[in-house]
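Colleague:
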Amino acid sequence: MITVSIYRFNPETDEHPHMQDFEFDTVGKDLMVLDVLEKLKVEDPSLVFRRSCREGVCGSDGMNISGKNGLACITPLSEAVRNNKIIIRPLPGLPVIRDLVIDMQQFYAQYEKIEPYMVNDSPAPQIERLQSQEERAKLDGLYECILCACCSTACPSFWWNPEKFIGPSGLLQAYRFLADSRDTSAEERLSKLNDPFSVFRCHGIMNCVQVCPKGLNPTRAIGHIRNMLIRGAT
Amino acid sequence: MRTLSFDAVIVGGGGSGMRAALQLSQSGYNAAVITKVFPTRSHTVSAQGGITCAIASDDPDDQWQWHMYDTVKGSDFIGDQEAIEYMCSTGPEAVFELEHMGLPFSRTESGRIYQRPFGGQSKDFGKGGQAARTCAAADRTGHALLHTLYQGNLKNKTVFLNEWFAVDLVKNDDSAVVGVIAIDIESGEVVFVKSKATVFATGGAGRIYASTTNAHICTGDGIGMALRAGFPVQDIEMWQFHPTGIAGAGTLVTEGCRGEGGYLINKHGERFMERYAPNAKDLAGRDVVARSMVMEILEGRGCGEAGDHVFLKLDHLGKDILNAKLPGILELSRTFAHADPVVEPIPVVPTCHYMMGGIPTNVNGQALTAAGDGSDKIIEGFYACGEAACVSVHGANRLGGNSLLDLIVFGRASGLFIENALRDGVELREPTKENIESAVAGLNELNSSVGQEQASTLRAELQTIMQNFFGVFRRGDLMRDGIVALQSLKQRIDNVALDDKSMVFNTARIEALELRNLYAVAEATAISAEARTESRGAHARDDFQERDDTNWLCHSMFYPDEKRVGKRNVNFSLKSRKPFEPAVRTY
Numbered sequence: 002m003i004t005v006s007i008y009r010f011n012p013e014t015d016e017h018p019h020m021q022d023f024e025f026d027t028v029g030k031d032l033m034v035l036d037v038l039e040k041l042k043v044e045d046p047s048l049v050f051r052r053s054c055r056e057g058v059c060g061s062d063g064m065n066i067s068g069k070n071g072l073a074c075i076t077p078l079s080e081a082v083r084n085n086k087i088i089i090r091p092l093p094g095l096p097v098i099r100d101l102v103i104d105m106q107q108f109y110a111q112y113e114k115i116e117p118y119m120v121n122d123s124p125a126p127q128i129e130r131l132q133s134q135e136e137r138a139k140l141d142g143l144y145e146c147i148l149c150a151c152c153s154t155a156c157p158s159f160w161w162n163p164e165k166f167i168g169p170s171g172l173l174q175a176y177r178f179l180a181d182s183r184d185t186s187a188e189e190r191l192s193k194l195n196d197p198f199s200v201f202r203c204h205g206i207m208n209c210v211q212v213c214p215k216g217l218n219p220t221r222a223i224g225h226i227r228n229m230l231i232r233g234a235t
Numbered sequence: 224m225r226t227l228s229f230d231a232v233i234v235g236g237g238g239s240g241m242r243a244a245l246q247l248s249q250s251g252y253n254a255a256v257i258t259k260v261f262p263t264r265s266h267t268v269s270a271q272g273g274i275t276c277a278i279a280s281d282d283p284d285d286q287w288q289w290h291m292y293d294t295v296k297g298s299d300f301i302g303d304q305e306a307i308e309y310m311c312s313t314g315p316e317a318v319f320e321l322e323h324m325g326l327p328f329s330r331t332e333s334g335r336i337y338q339r340p341f342g343g344q345s346k347d348f349g350k351g352g353q354a355a356r357t358c359a360a361a362d363r364t365g366h367a368l369l370h371t372l373y374q375g376n377l378k379n380k381t382v383f384l385n386e387w388f389a390v391d392l393v394k395n396d397d398s399a400v401v402g403v404i405a406i407d408i409e410s411g412e413v414v415f416v417k418s419k420a421t422v423f424a425t426g427g428a429g430r431i432y433a434s435t436t437n438a439h440i441c442t443g444d445g446i447g448m449a450l451r452a453g454f455p456v457q458d459i460e461m462w463q464f465h466p467t468g469i470a471g472a473g474t475l476v477t478e479g480c481r482g483e484g485g486y487l488i489n490k491h492g493e494r495f496m497e498r499y500a501p502n503a504k505d506l507a508g509r510d511v512v513a514r515s516m517v518m519e520i521l522e523g524r525g526c527g528e529a530g531d532h533v534f535l536k537l538d539h540l541g542k543d544i545l546n547a548k549l550p551g552i553l554e555l556s557r558t559f560a561h562a563d564p565v566v567e568p569i570p571v572v573p574t575c576h577y578m579m580g581g582i583p584t585n586v587n588g589q590a591l592t593a594a595g596d597g598s599d600k601i602i603e604g605f606y607a608c609g610e611a612a613c614v615s616v617h618g619a620n621r622l623g624g625n626s627l628l629d630l631i632v633f634g635r636a637s638g639l640f641i642e643n644a645l646r647d648g649v650e651l652r653e654p655t656k657e658n659i660e661s662a663v664a665g666l667n668e669l670n671s672s673v674g675q676e677q678a679s680t681l682r683a684e685l686q687t688i689m690q691n692f693f694g695v696f697r698r699g700d701l702m703r704d705g706i707v708a709l710q711s712l713k714q715r716i717d718n719v720a721l722d723d724k725s726m727v728f729n730t731a732r733i734e735a736l737e738l739r740n741l742y743a744v745a746e747a748t749a750i751s752a753e754a755r756t757e758s759r760g761a762h763a764r765d766d767f768q769e770r771d772d773t774n775w776l777c778h779s780m781f782y783p784d785e786k787r788v789g790k791r792n793v794n795f796s797l798k799s800r801k802p803f804e805p806a807v808r809t810y
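Which chain is which? The protein sequence lines are G and Z, in order.
Read in order, the letters of the first sequence are residues 2 to 235 in my numbering.
Read in order, the letters of the second sequence are residues 224 to 810 in my numbering.
1. Helix, strand or coil: how does DSSP classify residue 252 of chain G here?
2. Which of helix, strand or coil does DSSP assign to residue 378 of chain Z?
3. Give the interface partners of residue 218 of chain G over in chain Z, defined as CB-CB distance under 9 Å, in chain order.
4. Considering residue 578 of chain Z, what are the terminal residues of the beta strand (DSSP E) in which it resides?
5. Just verifying my parser: in three-state terms, what is the DSSP assignment at residue 255 of chain Z?
6. Given this structure, state the Cα-to-Cα distance separating residue 808 of chain Z from residue 610 of chain Z, to the nearest angstrom.
7. Label residue 543 of chain Z either buried or exposed according to how many other C-beta atoms from any shown protein chain fall within 10 Å of its C-beta, with 16 as the threshold for buried.
8. Can you tell me the Cβ-Cβ gap for residue 371 of chain Z and residue 324 of chain Z, rounded? I've got them flagged as a contact below 8 Å.
9. Given residue 235 of chain G, which residues of its chain have a CB within under 6 Å of its CB, disregarding the five upstream and five downstream residues?
10. Can residue 605 of chain Z and residue 569 of chain Z be called in contact, C-beta distance under 8 Å?
11. Tell me the residue span of the alpha helix (DSSP H) that contains residue 499 of chain Z.
12. Using 10 angstroms around the beta-carbon of residue 207 of chain Z, count the other beta-carbons present and answer buried if the total reaches 16, otherwise exposed.
13. Check each candidate in Z:550, Z:424, Z:384 and Z:748 and name the one with the smallest Cα separation from residue 787 of chain Z.
14. Step through the CB atoms of chain G and report whether any lies within less than 8 Å of the CB of residue 362 of chain Z.
15. Which partner residues of residue 607 of chain Z appear in the DSSP bridge assignment?
16. Indicate the three-state DSSP secondary structure (helix, strand or coil) for residue 213 of chain G in the structure shown.
17. Cα separation between residue 212 of chain G and residue 150 of chain G?
18. Where does residue 333 of chain Z sit, in a helix, a strand or coil, going by DSSP?
19. Where does residue 307 of chain Z land, buried or exposed, given buried means 16+ other C-beta within 10 angstroms?
20. Once DSSP output is grouped into helix, strand and coil, what is the label at residue 56 of chain G?
21. Below 8 Å, how does it come out for the stretch 394-410 of chain Z and the stretch 675-682 of chain Z: are there three or more Cβ pairs, yes or no?
22. Run through chain G and tell me which residues come within less than 7 Å of residue 374 of chain Z, C-beta to C-beta.
23. Which residue or residues does DSSP assign as beta-bridge partners of residue 407 of chain Z?
24. Would you mind giving the Cβ-Cβ distance between residue 644 of chain Z and residue 420 of chain Z, rounded to the nearest angstrom? I have them listed as a contact below 8 Å.
25. Can you list the residues of chain G that residue 439 of chain Z reaches, using a CB-CB cut of under 7 Å?
26. What first and last residue would you give for the alpha helix (DSSP H) that runs through residue 243 of chain Z?
27. Whose Cβ in chain Z lies nearer than 7 Å to the Cβ of residue 22 of chain G?
28. Measuring only the C-alpha atoms, how far is residue 664 of chain Z from residue 404 of chain Z?
29. When the distance is taken between beta carbons, is residue 32 of chain G closer than 8 Å to residue 78 of chain G?
30. Just checking: is the beta-carbon of residue 144 of chain G within a distance shorter than 8 Å of some beta-carbon in chain Z?
31. Let's see if you can read the secondary structure: which residues bound the alpha helix (DSSP H) around residue 313 of chain Z?
32. In angstroms with no decimal places, state the Cα-to-Cα distance between residue 166 of chain G and residue 51 of chain G.
33. Is residue 115 of chain G near residue 21 of chain G, with beta carbons less than 8 Å apart?
34. Along the stretch 325-354 of chain Z, where does the CB come closer than 8 Å to a CB of chain G? Name the residues.
35. Got a sec: is the Cβ-Cβ distance from residue 250 of chain Z to anything in chain G below 8 Å?
36. Given that residue 180 of chain G touches chain Z, what residues does it touch there, using C-beta distances under 7 Å?
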């Protein structure tokens with residue numbers, strides 16, 4: 002038996018959020034945290050969380066699990082239960098809509114701000130644009146982002162300035178387009194990032210790297226953008 | 224009730240829905256996507272191996288006609304040849320468009336798009352050996368495609384109604400579709416979303432089975448809505464069981480693993496597909512491989528303590544190839560099978576994967592029903608594309624890599640057709656108050672429910688019935704038992720409880736609505752499967768083991784009002800050559 006302590010808040014009935022403890026029998030299995038939530042929802046259908054693919058690629062079920070942001074569907078209990086207890090809270094730093102569901106509008110707004118689409122003004126060829134394997138390899142570790150927000154909501158700089166600091170996820174995507182040999186708008190992209198907040202609020206704390214469920218490294222990408230900005234300025 | 228009006232409304236934010244929306248917003252139309260999850264959470268994201276298309280990168284002499292032949296053969300000859308011809312011939316253009324939009328395809332040494340071999344692929348109309356025709360972005364092609372399409376829609380300012388759930392269709396007095404009733408999940412508000420063109424891109428319904436590769440969200444919402452509106456569905460008995468779902472977890476392991484040289488073994492370590500498909504071996508059609516695996520298990524050669532799965536062997540490919548070509552599979556296997564493919568095989572079992580059937584459409588995405596004389600009749604204002612539609616390019620068995628191509632080719636085709644219709648000034652009669660009220664009736668009933676039955680319990684029972692009676696192998700008497708079991712479940716579903724009547728992000732309400740859709744799909748599947756008295760493609764019957772071209776070289780059509788199964792002719796008209804005649808299907 003373990004105790005599953007879950008953050009509960011229903012804006013229609015609760016004045017304040019509270020933690021609710023459920024006793025849960027794992028029957029000796031190392032279940033994923035999402036499996037546990039699904040089973041608890043059978044008992045209490047009013048428990049609310051997001052989920053879709055249940056295999057770590059859709060990014061729906063980012064949450065704070067025993068103090069660390071991660072995806073419930075690929076976090077086994079063995080990684081999250083301490084002293085027979087697991088504590089599940091919504092991702093920190095963004096408004097809570099209900100229970101484990103946060104309002105991700107600010108997160109998505111930062112993503113949109115970096116213009117996350119390819120720009121290439123030359124006429125498209127009849128076939129694909131060619132790209133060498135070496136050029137393509139530069140996108141590895143960038144394009145795999147699933148927009149789960151685990152990184153940005155683990156970042157103190159994003160907590161302080163969610164309207165002005167793009168945050169690790171958005172910057173990883175900014176660099177994904179800066180690094181793409183097919184994109185021709187690097188200068189415009191950089192000039193839009195060149196202010197005291199968008200990039201330079203990153204202080205290299207690296208919480209983003211520590212929590213990314215896909216093993217990506219936003220801090221490194223931010224470093225590359227910084228270098229490009231500094232080189233461009235001199 | 225508030226009304227929102229658009230030129231076109233697309234229900235579903237996966238690959239086909241976003242491709243259709245992109246087409247319309249690019250052309251300056253006011254298109255909105257209603258999606259129950261944020262678009263990049265749609266199930267397209269889970270597609271791994273790639274998108275099959277004759278772009279002539281791996282083989283400069285490749286021809287789309289060969290791809291067309293493979294697809295017709297793969298469909299066991301009930302795929303519509305006109306639609307298959309359209310998909311295979313326009314495919315390259317549609318794939319190059321995605322690349323121009325930024326899709327990060329893997330590359331060959333010459334800088335072209337990387338293509339890998341997949342099951343059922345051949346050169347020269349089956350005579351030239353294995354082809355490599357599946358365009359890939361490592362083993363994350365669906366993710367790359369879905370994100371690229373979302374980005375394209377952001378660029379073109381498509382309206383997204385994210386985390387809205389479509390409940391039912393609104394029909395006017397002419398029986399034309401004029402929009403949907405939808406719930407804004409965050410606020411709970413119910414809205415009439417009115418449109419001159421309503422496109423269902425709602426995906427599949429793999430969640431009718433207990434064991435599925437499909438996401439939790441694949442609950443057949445579009446099929447349920449269409450059936451409740453009285454529209455028929457086609458070939459809905461045809462469900463693909465993917466050979467390699469991870470045993471126990473159900474998560475997908477791409478066919479690309481076998482394309483890259485992996486193979487299946489039984490408990491003796493024997494590469495058993497050599498016996499069942501001497502030429503194509505592990506790259507035979509998915510229906511053939513899935514059945515062979517079940518035979519191995521039933522005959523006592525399964526692996527593991529219970530002998531209930533077989534192994535997929537990859538370690539001989541070496542760490543470097545696995546890291547480069549199949550990095551996502553390494554992650555998934557380590558997480559869900561606790562097996563590291565670099566050193567040990569992955570336990571796999573056939574798992575429900577894809578719905579070949581769906582809403583019948585023509586190549587323009589226009590949804591069809593039958594006129595009084597049995598001929599096709601277009602349903603005004605109503606369109607479908609992607610897995611929810613049955614156009615039909617997959618017939619009785621889909622080839623790997625053809626689903627992503629279906630999504631973008633027919634999402635695009637629907638968009639192009641609607642664009643022209645809008646330009647021509649299409650107008651539909653205003654719905655009356657009664658029209659709208661009748662579309663909200665089901666929701667109102669649920670909201671005032673005093674039922675006792677828990678949705679989650681009913682859902683689990685439904686999934687068990689489908690798994691036990693309508694799986695890889697089927698038998699008439701058992702299917703009739705399954706139909707009876709479903710009927711008694713229906714009464715309990717009508718008595719479902721909704722104890723939590725709150726407005727804000729009430730997922731209990733959404734799950735109860737999804738259950739109605741799951742049931743509608745399950746019932747249509749069960750009745751159609753029992754009716755088709757033959758074995759063809761994914762539909763394998765112990766009591767009718769042969770393909771019966773005399774009686775069943777046709778589509779099944781399930782009509783919901785009478786719960787009757789009818790037949791519809793398969794299209795055999797090709798523009799580019801004479802049609803492919805049915806032949807014995809061997810690999």
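No residue lacks a Cβ here, since even glycine has one placed at the ideal position from N, Cα and C.
Keep in mind that this is a model prediction, so the values were computed, not measured.
Modeller: In this structure, then:
1. There is no way to answer for residue 252 of chain G, as the model of chain G reaches only from 2 to 235.
2. Shown here, residue 378 of chain Z sits in a helix according to DSSP, grouped into three states.
3. Simply none; closest approach about 15 Å.
4. Looking at the DSSP string, the run of the beta strand (DSSP E) that includes residue 578 of chain Z is 569-578.
5. Strand at residue 255 of chain Z.
6. Between residue 808 of chain Z and residue 610 of chain Z, the C-alpha separation is close to 24 Å.
7. Classification for residue 543 of chain Z: exposed.
8. Yes, residue 371 of chain Z and residue 324 of chain Z are in contact; Cβ-Cβ is about 5 Å, under 8 Å.
9. Its pLDDT being 49, under 50, residue 235 of chain G is placed unreliably in this model, and the value from its coordinates should be taken loosely. Answer for residue 235 of chain G: no residue qualifies.
10. No, the Cβ-Cβ distance between residue 605 of chain Z and residue 569 of chain Z is not below 8 Å.
11. Note, residue 499 of chain Z: alpha helix (DSSP H), 496-499.
12. Lying outside 224 to 810, the shown extent of chain Z, residue 207 of chain Z is not represented and no answer is given.
13. Checked all of Z:550, Z:424, Z:384 and Z:748; the closest Cα to residue 787 of chain Z is Z:748.
14. Taking Cβ atoms only, chain G never reaches closer than 8 Å to residue 362 of chain Z, which makes this a no.
15. For residue 607 of chain Z, which the question treats as bridged, DSSP gives the partners Z:423.
16. Correct three-state label for residue 213 of chain G: coil.
17. Going by the C-alpha atoms only, they are around 10 Å apart.
18. The answer is coil: DSSP assigns residue 333 of chain Z none of H, G, I, E or B.
19. With 16 or more Cβ atoms within 10 Å of its Cβ, residue 307 of chain Z is classed as buried.
20. Coil.
21. No, the stretch 394-410 of chain Z is not in contact with the stretch 675-682 of chain Z.
22. Residues of chain G passing the Cβ test: 117 and 118.
23. According to DSSP, residue 407 of chain Z bridges with Z:387.
24. Right, their Cβ atoms sit about 7 Å apart.
25. For residue 439 of chain Z, the C-beta contacts it makes with chain G under 7 Å involve 52, 53 and 55, in order along the chain.
26. Going by DSSP, residue 243 of chain Z is part of the alpha helix (DSSP H) stretching over 238-249.
27. Those do not exist, as residue 22 of chain G stays about 20 Å from chain Z at its closest Cβ, beyond 7 Å.
28. Going by the C-alpha atoms only, they are around 10 Å apart.
29. For residue 78 of chain G and residue 32 of chain G, yes; Cβs fall inside 8 Å.
30. It does; some Cβ of chain Z falls within 8 Å.
31. Per DSSP, residue 313 of chain Z belongs to the alpha helix (DSSP H) from 304-323.
32. Approximately 26 Å between the Cα atoms of the pair.
33. Cβ atoms of residue 115 of chain G and residue 21 of chain G: not closer than 8 Å.
34. So the list reads 325, 327, 328, 329, 330, 331, 332, 333, 334, 335 and 336, given in the order they occur along the chain.
35. Not closer than 8 Å to any Cβ of chain G, the Cβ of residue 250 of chain Z fails to qualify, so no.
36. Here the premise fails: no neighbours, minimum Cβ distance about 10 Å.
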